[in-house]
Ligand SMILES: [Zn+2]
């Protein structure tokens with residue numbers, strides 16, 4: 001699989017820092033980058049109020065989706081209810097991990113319903129505080145959300161339940177190591193200097209920035225190659241099983257012929 005960075009912007013909701021976001025959006029269009037935009041379906045987190053609600057928020061999100069950007073389902077209300085870090089949480093707080101499965105399912109159904117009501121595809125799960133548990137994954141897969149952007153793997157992979165895991169390991173750009181690295185950016189607190197640095201990073205790393213669609217395409221190619229490789233392995237095995245049979249027949253044939261049809265010069269026919 002190709003190495004690369006995926007860009008992710010977290011905590012999009014109607015009350016983001018629009019001045020900064022508008023500038024970021026322009027840069028993403030200018031550099032033709034297709035990031036993951038994590039959108040909170042029904043934000044109730046007061047720490048994410050950076051200004052008055054922007055107009056037409058959901059239409060804007062829809063326009064990002066139409067541009068080929070990936071819209072991440074960023075929890076439901078972004079309120080932490082447990083102190084459970086879950087599978088990958090770096091802090092002990094969660095909107096989901098540790099809650100009874102039935103409660104998680106109600107929250108996830110509500111979150112997905114909001115996305116669908118605005119014409120948004122809930123494709124990728126982006127947990128607030130990276131915190132979710134096995135129940136969350138099972139419910140999401142059942143409700144059709146089969147991509148999870150979290151974890152520390154080197155490359156994306158598909159698990160045995162058909163859930164695709166795209167790792168998320170960085171908070172800023174670094175020289176690209178081997179692997180696929182999601183760079184998660186929290187822009188609400190940015191200033192002009194941060195914007196300038198972001199533009200420089202885009203100039204420097206633009207060739208190595210890929211999208212979720214690129215990853216999915218590579219996974220499906222890999223799956224196809226894997227099927228072809230399995231078919232080749234099977235064919236190889238059947239040929240190997242078949243070879244002694246054929247050789248036995250040939251040898252039987254040879255003995256028969258060697259006795260009966262030995263040439264007068266005593267030359268053996270080479271049938272091997
Ligand atoms: Zn968040």
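Numbering (our numbering), first residue to last: 1 to 272.
For every residue, glycine included, the Cβ atom is placed at its ideal position computed from N, Cα and C.
Report the CB separation of residue 8 from residue 140 in whole angstroms; it is logged as a contact under 8 Å.
Actually they are not in contact, since the Cβ atoms of residue 8 and residue 140 sit about 17 Å apart, beyond 8 Å.
Look up residue 69 in the DSSP assignment and say whether it is helix, strand or coil.
The answer is coil: DSSP assigns residue 69 none of H, G, I, E or B.
If we count Cβ pairs, one from each stretch, closer than 8 Å, do we get three or more for the segment 49-69 versus the segment 93-112?
Cβ pair count under 8 Å is below three, so no.
Is the beta carbon of residue 41 sitting closer than 8 Å to the one on residue 76?
Yes, the Cβ-Cβ distance between residue 41 and residue 76 is below 8 Å.
Can you have a look at residue 150 and say buried or exposed, based on whether 16 or more other CB atoms are within 10 angstroms of its CB?
When all chains shown are included, residue 150 counts as buried.
Let me check one thing: in DSSP terms, what residues is residue 82 bridge-paired to?
Paired residue(s): 94.
Using DSSP bridges, identify the partner residues of residue 76.
DSSP lists no partner for residue 76.
Between the alpha carbons of residue 116 and residue 66, how many angstroms are there, rounded?
Approximately 14 Å between the Cα atoms of the pair.
Please report how far the alpha carbon of residue 69 lies from the alpha carbon of residue 83, in whole angstroms.
Going by the C-alpha atoms only, they are around 32 Å apart.
Looking at residue 128 and ligand 1, is the gap between the Cβ and the nearest heavy atom below 7 Å?
Indeed, a heavy atom of ligand 1 lies less than 7 Å from the Cβ.
Just checking my contact of residue 158 with residue 219 at CB under 8 Å: how many whole Å lie between their CB atoms?
The pair is a contact, with the Cβ atoms about 6 Å apart (cut-off 8 Å).
What does DSSP give as the partner residues of residue 8 in its beta bridges?
BP columns for residue 8 point to 36 and 184.
Return the first residue and the last residue of the alpha helix (DSSP H) that residue 190 is part of.
No alpha helix (DSSP H) contains residue 190, which DSSP labels as neither H nor E.
Under DSSP, the beta strand (DSSP E) around residue 164 begins and ends at which residues?
164-166 is the extent of the beta strand (DSSP E) around residue 164.
Taking only the alpha-carbon atoms, compute the straight-line gap between residue 12 and residue 183 and give it to the nearest angstrom.
Going by the C-alpha atoms only, they are around 16 Å apart.
Rounded to the nearest angstrom, what separates residue 223 and residue 191 at their Cα positions?
For residue 223 and residue 191, the distance between alpha carbons rounds to 43 Å.
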